[in-house]
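First the structure, in the form of structure tokens, and then the observations on it.
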Amino acid sequence: MSDPRATSAASTSSSSTPATTSSDPAGSDPIATIAPEPADEFLWLEDIHGTEPLAWAEQENARTEAALDADAYDHLREQILAVLDDTAKIPDVTKRGPYYYNFWRDETNPRGLWRRTTWASYQQEQPEWDVLLDIDALAAADGTPWVFSGANLLRPEPGEPWRRGLVKLSPDGGDAVRVREFDVEDKAFVAGGFDLPTAKTQVSWVDADTIFVGTDVGPGSMTTSSYPRTGRRLTRGQDLTDAPVLWEVPEEHLMAVLAHDRTPGFERDVAVDVIDFFRSRTHVARDESSGGSGPTWQHIDVPDDVNIDLHQQWLLFRPQTDWDHDGTTVPAGTLAVAPLEAFLAGQRELTTVFAPDERTSLQGWSWTANHLILTLLTDVASRVLVLDPSAGFTGTELPDAPELSTVHAAAVDDEDPEDGDDYWLTVSGFLTPTTLQRGRLGGTGSEGEPARTVKTSPSFFDADDLQVEQHFVTSADGTRVPYFQIGPKDLELDGANPTLLNGYGGFEISRTPVYSGAIGRSWLTRRTAEGRRGVYVIANIRGGGEYGPGWHRAALQANRPRAYEDFAAVAQDLIDRGVTSRAHLGCSGGSNGGLLVGNMLTTYPHLFGAISCGVPLLDMRRYTKLSAGYSWIAEYGDPDDPEQWAFIRTFSPYHNLVPGTDYPATLIYTATSDDRVGPVQARKMAARMEAMGVENVWFYEALEGGHAAASDNRQAAQMAALSSQFLWQQLAG
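The opening residue of the sequence shown carries number 9 in the working numbering; numbering runs sequentially from there.
This is the structure we're talking about:
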């Protein structure tokens, strides 16, 4: 997700009076009655790069670092860094033409290398890489600490090599990027090529001399959410301000997306009005190609909350809520398909290719040349289905995945004449290092090949005496909520085990089993003075996507507290089962997960001994005014609407601090360069707690790294070690 910042005043008496609701005697709708809010005494911390706020942050950083066991912290940071820098890790690749592209960081190349290799070389233990762009060297030459944010290669004309790319570079790790044209054969930026100044930019190739661009070109060009509001067609050598606008959305919508699909035989322009995170309107160009003055756009006529995907001749639909389609209900979370041109011509018949049930949800899909691959979750366990469009989308299931693991399947390159039905299979578990496998699906005239292992990630910790368990707990409203527990096989259920509970619960993001050498080294294999090891827990709470869009919508806006009740229920269950106790139970979360643990701090402080809150939303009164915050109204609600503020206020941690409360030890960390959530809310929360006399609150602000609070592996290791060392000292000491 993304997010906020804040403002100033003079009252250290905690937060405002909680909202109350009353109904008028005549039985009209409830009217929110909200007591006047005291002035915000920490508005001055909203000046992100101001001298005084940065001096305050620097002072807080020193205090936090002084509170850590320096030797243990340094050792842990180096242990985590060794994981991140390990050269035996699996290099993730993307196939373009005959080459496999990868971005790589290690100790020698902290900012990274953009590189490529062949399939024959990639299969070797030590592939031979052709380095295209050295980001460390570029940063040194430019005097700018560039962070690589991806590249978009131009699909060439038939018979021509893949050559031109649009490289995205962030000057500080934030979402705003500079976009420059690059030649992968010359291994150099193109002289006089496309070069877009740093902004939150959307870009798509049209042809070798034309791109579609959405970016900041002055007043009116960006939405209230800080994303592009217009889409322009930019021709080589043309000034950006002279590029004609082909697509435009209202300022209050999230963003405009203008893209060109260069798939041979299916070339088309597509424009999307992204209204918010869960609603959009997709249009296909008609009458005039992208070479003229502008196309006529035909809306794909479905409800705004039906997700749309176009692939060659197919149109896919996934509704967020139940969809009444011509008198037939298409349940939320279903995946349906129709021929694109027939649907646009008014033929409305759909074919359902996946129907969810109360335990199974669709997590994603990928097309090979002749098949559609679906990745599913059943009670948070992975399954993979392979569907055959030529046989009415009938399907077969790939062999069972390992128990309590995550399996992700995706096409290698659906347009490759030889490898079009090849697929990647990535398998990972909490205690099982990730493996990358490659298989081939059977098509016309071919039998297919079972997946075989291509790469295996090294093991970074001894898991022999550890085990993974899945438990279910009943939340406050009776909902059954799953969670994973990873810990020693001989775990003593006496309440004395240092336990870390992590969660997210928002934006339909699922938390599934995944191998983490950093968690293994920093928590699972660490020992207390008495010889106990840490227990790590992942809560699959509402707001996420583990059970599809209904699981997500169950914690939207006024129902947001359901996610917090779920998380608290897991915490209480860990205590009731004797896994841990308040003194030894901590929780951590970042971004929306930071809001989650912020609510554990203010609403459920009696359950936790320590909390680590990263890059968080915390001031929900002002979040829509800050950075990308306006785009999350669909998730949280609009605080400028008095009736909605009445419920938002109940989960705004900054407004729910109460003097004299026995708060758990709290670390709040952020990054100055975070242009999604921003550092302001974290600053203000820590400052208010300190002003209230809370002694056990610590704050840390990294300068670089954007929303990840990490621009390179060393900074990532530092922030991970900071959080883990803080929690271990509080819970295991």
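The beta carbon of each residue, even a glycine, is placed where N, CA and C say it ideally should be.
Since residue i and residue j are thought to touch, with beta carbons under 8 Å apart, how far apart are those beta carbons, to the nearest angstrom?
i           : j           : result
residue 376 : residue 317 : That pair is no contact at about 15 Å.
residue 753 : residue 707 : With the chain covering 9 to 741 only, the question about residue 753 has no answer from this structure.
residue 543 : residue 491 : Actually they do not touch by this definition, with Cβ atoms about 12 Å apart.
residue 222 : residue 265 : 7 Å
residue 602 : residue 569 : 16 Å between Cβ atoms; not a contact.
residue 259 : residue 231 : 6 Å
residue 3   : residue 599 : The first residue shown for the chain is 9 and the last is 741, placing residue 3 beyond what the model contains.
residue 606 : residue 626 : 5 Å
residue 589 : residue 521 : The pair is not a contact, with the Cβ atoms about 26 Å apart (cut-off 8 Å).
Compute the Euclidean distance between the alpha carbons of residue i and residue j, then round it to the nearest angstrom.
i           : j           : result
residue 639 : residue 339 : 26 Å
residue 439 : residue 409 : 14 Å
residue 619 : residue 657 : 21 Å
residue 555 : residue 329 : 13 Å
residue 143 : residue 149 : 10 Å
residue 702 : residue 515 : 32 Å
residue 127 : residue 305 : 41 Å
residue 495 : residue 475 : 6 Å
residue 442 : residue 81  : 27 Å
residue 112 : residue 511 : 28 Å
residue 612 : residue 665 : 12 Å
residue 384 : residue 355 : 29 Å
residue 202 : residue 141 : 17 Å
residue 692 : residue 167 : 58 Å
residue 197 : residue 190 : 4 Å
residue 456 : residue 423 : 17 Å
residue 102 : residue 108 : 5 Å
residue 162 : residue 414 : 32 Å
residue 579 : residue 391 : 28 Å
residue 534 : residue 74  : 22 Å
residue 49  : residue 271 : 56 Å
residue 352 : residue 380 : 22 Å
residue 684 : residue 184 : 9 Å
residue 188 : residue 173 : 8 Å
residue 295 : residue 47  : 56 Å
residue 273 : residue 170 : 18 Å
Judging by CA-CA distance, which residue of the options is the nearest neighbour of residue i?
i           : options            : result
residue 360 : 374, 373, 343      : 343
residue 154 : 180, 167, 106, 131 : 180
residue 460 : 510, 406, 498      : 406
residue 574 : 585, 600, 591, 604 : 604
residue 695 : 677, 136, 734      : 677
residue 472 : 511, 482, 497, 479 : 497
residue 538 : 182, 561, 505      : 505
residue 331 : 146, 558, 214      : 558
residue 117 : 131, 156, 130, 87  : 156
residue 129 : 99, 151, 670       : 99
residue 315 : 341, 107, 293      : 341
residue 288 : 308, 253, 425, 540 : 308
residue 502 : 585, 310, 541      : 585
residue 652 : 146, 667, 632, 387 : 632
residue 635 : 139, 715, 648, 398 : 715
Tell me which residues share the same chain as residue i and place their Cβ nearer than 7 Å to its Cβ, disregarding the 5 neighbours each side in the sequence.
i           : result
residue 738 : 594, 617, 618, 673
residue 284 : 262, 639, 641, 642
residue 721 : 89, 92, 93, 113, 118
Excluding the 5 residues preceding and the 5 following residue i in the sequence, name in chain order all residues of the same chain whose CB lies nearer than 6 Å to its CB.
i           : result
residue 322 : 345
residue 96  : 466
residue 655 : 566
residue 718 : 724, 727
residue 290 : 280, 308, 316
DSSP puts residue i in a beta bridge; with which residues?
i           : result
residue 337 : 332
residue 415 : 435
residue 463 : 444
residue 262 : Its beta-bridge partners do not exist; DSSP assigns none.
residue 209 : Answer by DSSP bridge pairing: none, since residue 209 is not bridged.
residue 723 : Residue 723 pairs with nothing; no bridge assigned.
residue 679 : 710
residue 662 : Note: residue 662 sits in no beta bridge, so no partner.
residue 494 : 476, 544
residue 291 : 279, 307
residue 395 : 380, 403
Can you give me the Cβ contacts of residue i inside the same chain, cut-off strictly under 8 Å, excluding the 5 residues immediately before and after it?
i           : result
residue 36  : For residue 36, the pLDDT reaches just 33, beneath the cut-off of 50, and the residue's location in the model is therefore unreliable, although a value from the coordinates is still provided. Closer than 8 Å at the Cβ level, and outside the excluded window around residue 36, lies no residue.
residue 349 : 321
residue 487 : 550, 562, 570, 574
Heavy atom of the ligand NAD less than 6 Å from the Cβ of residue i, yes or no?
i           : result
residue 440 : For the structure depicted, the ligand NAD is absent and the ligand set is empty, with no information on it obtainable.
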